[in-house]
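The structure under discussion appears below in the form of structure tokens.
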Amino acid sequence: MLIYYCGQIITLAEGLGVINGGAIVVNGDCIVEVGDYDDIKGKFAEEPEKKIDGLVTPGLINLHHHLYSSLARGWNPGVAPESFYEILKNIWWRLDRALSEDEIYYSALIGLIDSIRCGVTTVVDHHSSQTVIDGSLDLVGNAFQESGGRGSICFEISDRNGAIQSLAGLNENIRALQKWRRGDDGLISPMCGLHGSFTLSDSTLEQIASRTGDLNCGYHFHLLEDDCDRKLSVSQFNSPPLDRFIKYGLVNQSTIAAHGLHLDADEIGRLHDTGATLAHCPRSNLNNAVGVINYEEAFGTGLHIGIGTDGMDGNCLSDALIAVLLCKDRTANPNSGFQEVADSLMNINGFAFEKISGQKVGKIYPGYKADFVVWDYDPPTTLDNSNFGAHVFYGLSQARVNSVWVNGRNVYADHQLTTMDEAAIRARCRELSSKLWKRL
């Protein structure tokens, strides 16, 4: 065991809140005790200790990411899309057909490194590489294990490139689900990934359901990110997206449905009834000009809404802040959104990942994984149980991460990655991205 003596801890745990002069006791990959340093030291007098300078919080959780997009930053696709469908067709579907094995691995690796640098210790990834399918999740999984990050992986099944590719995508998901089983005490917790309803036939959905139904898995898909999902699903398959996914049993309590901007009130209620979690990714939605979710109304139904980045970058704290500001702007109410988004970021994200993985993350509390972050943040005003949320949104969102622990391992220390040679990885990414862009 090891005692970490901390000046100030935001535990996010009921009954503990903010602790001044606190300590965290870690045994292996788990937290076994949290509390006042003097009390902890008296109880664990013989255990070694380490002093931590800076504000300590639980590791953040990104509920929807696309690590495969990491090497696209700065790429000029040579087109000016005028709709969301054109963005997919002319940018992202070109990219995911072009990725090589090396590019898949390094995209995931640098995306995870950037996430760790943002204080994100858990990433729920949605991978797509529609030419390199077999074994692609091993490449992504290797990046998680070698960087030290925790998360979930899946492969995006789609019929847009034909039946052979969609079957291969299903097989890749099943292989990963059998390799890394839910509840295993490791860094990787797989799901079954799907694209949006409008690129999935009824026969493919039926096959997914029949072959994964006994695997006790969650499903990770895009849902009504743009209204083209509804229009194309109805025109091609005579049924809207949520109806189709529910019909085939692909919406359960472990499901992550990304976006949901164009769900109507009835659909929000039915999604709530399944126990699934909606991943809200506001920066991506603004970037793609697809609309803004009625966050407060959806949250008010009891629907679980978490926060993701959708591949914009690894900084889900930025998305949380934007979500708050959008609520205020949309409602013209300066009191709107703060408590709801705080609940999404600080509670629902962790609860959703526990349903996916069986692992407790997102709080500094006994029985939870030892995932925590030290921030270079010296509060300019009082930080206590009454106002720590404001410090998170308006202070930590601008602060620098100093150190990160995942699974009890110090993966980032004094602004340096401890698990790998970050400079060499970045150099390799620049080399690979240059070649990738030329092929594209």
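Heads up, the numbering used here is the position in the sequence shown plus 468, with the first residue counted as 1. For every residue, glycine included, the Cβ atom is placed at its ideal position computed from N, Cα and C.
DSSP beta-bridge partners of residue i
i	result
Glu624	Gly661
Val493	Ile471 and Glu501
Thr525	Val841
Leu746	Ala725 and Ile773
Gly830	Answer is none; Gly830 lacks a bridge partner.
Arg877	Val874
Gly619	Val591 and Ile656
Endpoints, beta strand (DSSP E) assigned at residue i
i	result
Ser871	Arg868 to Val874
Gln726	For the record, residue 726 in the displayed sequence is Ala; it is not Gln. From DSSP, the beta strand (DSSP E) with Ala726 extends over Ile724 to His727.
Val608	Unbroken run through Val608 is the alpha helix (DSSP H), Ser604 to Ser615; no beta strand (DSSP E).
Phe689	Tyr687 to Leu691
Where residue i falls: helix, strand or coil (DSSP)
i	result
Cys474	strand
Glu517	strand
Trp843	strand
Leu718	coil
Thr850	coil
His594	coil
Asn488	strand
His859	helix
Gly768	helix
Ala791	helix
Gln884	strand
Leu904	helix
Leu911	No statement about residue 911 is possible, as the shown extent of the chain runs from 469 to 908 and does not include it.
Ala800	coil
Thr589	strand
Leu683	coil
Asn817	helix
Asn530	strand
Pro545	coil
Ile824	helix
Asp778	coil
Residue i, enclosing alpha helix (DSSP H) - first and last residue
i	result
Arg959	The structure shown has nothing for residue 959, since the chain only spans 469 to 908.
Phe512	Here Phe512 belongs to no alpha helix (DSSP H), and DSSP marks it neither H nor E.
Ile581	Glu569 to Arg585
Asn756	Pro750 to Asn756
Val809	Phe806 to Asp811
His740	Ala733 to Thr742
Tyr553	Phe552 to Ile555
Thr599	Careful: Thr599 lies outside any alpha helix (DSSP H) and carries neither H nor E.
Trp561	Trp561 to Ala566
Arg643	Ala631 to Lys647
Glu674	Asp670 to Thr680
Residue i, buried or exposed, once every other Cβ within 10 Å from all chains shown has been counted against 16
i	result
Tyr862	exposed
Val547	exposed
Pro708	buried
Asp695	exposed
Ile499	buried
Glu550	exposed
Lys823	buried
Pro658	buried
Ile471	buried
Thr849	exposed
Glu640	buried
Glu624	buried
Ile632	exposed
Met469	exposed
Lys518	exposed
Gln598	buried
Asp882	exposed
Gln807	exposed
Heavy atom of the ligand ADP within 8 Å of residue i beta-carbon
i	result
Tyr880	The ligand ADP is not among the ligands present in this structure, which contains no ligands whatsoever.
C-beta atoms of residue i and residue j nearer than 9 Å
i	j	result
Val502	Ile477	yes
Asn629	Arg712	no
Gly587	Val841	yes
Ile816	Thr769	no
His727	Ala744	no
His663	Ser596	yes
Ser568	Val524	no
Tyr574	Arg896	yes
Gly776	His533	yes
Arg868	Trp843	yes
Gly876	Ala810	no
Leu754	Ser865	no
Ser812	Ala791	yes
Leu563	Ala611	no
Arg626	Gly779	The residue you asked about is not Arg; residue 626 is Ser in the sequence shown. No, Cβ-Cβ distance for Ser626 and Gly779 is not below 9 Å.
Asp506	Ile487	no
Cys622	Gly661	yes
Asn762	Arg798	yes
Val829	Ile584	no
Gly522	Asn870	yes
Leu668	Ser634	yes
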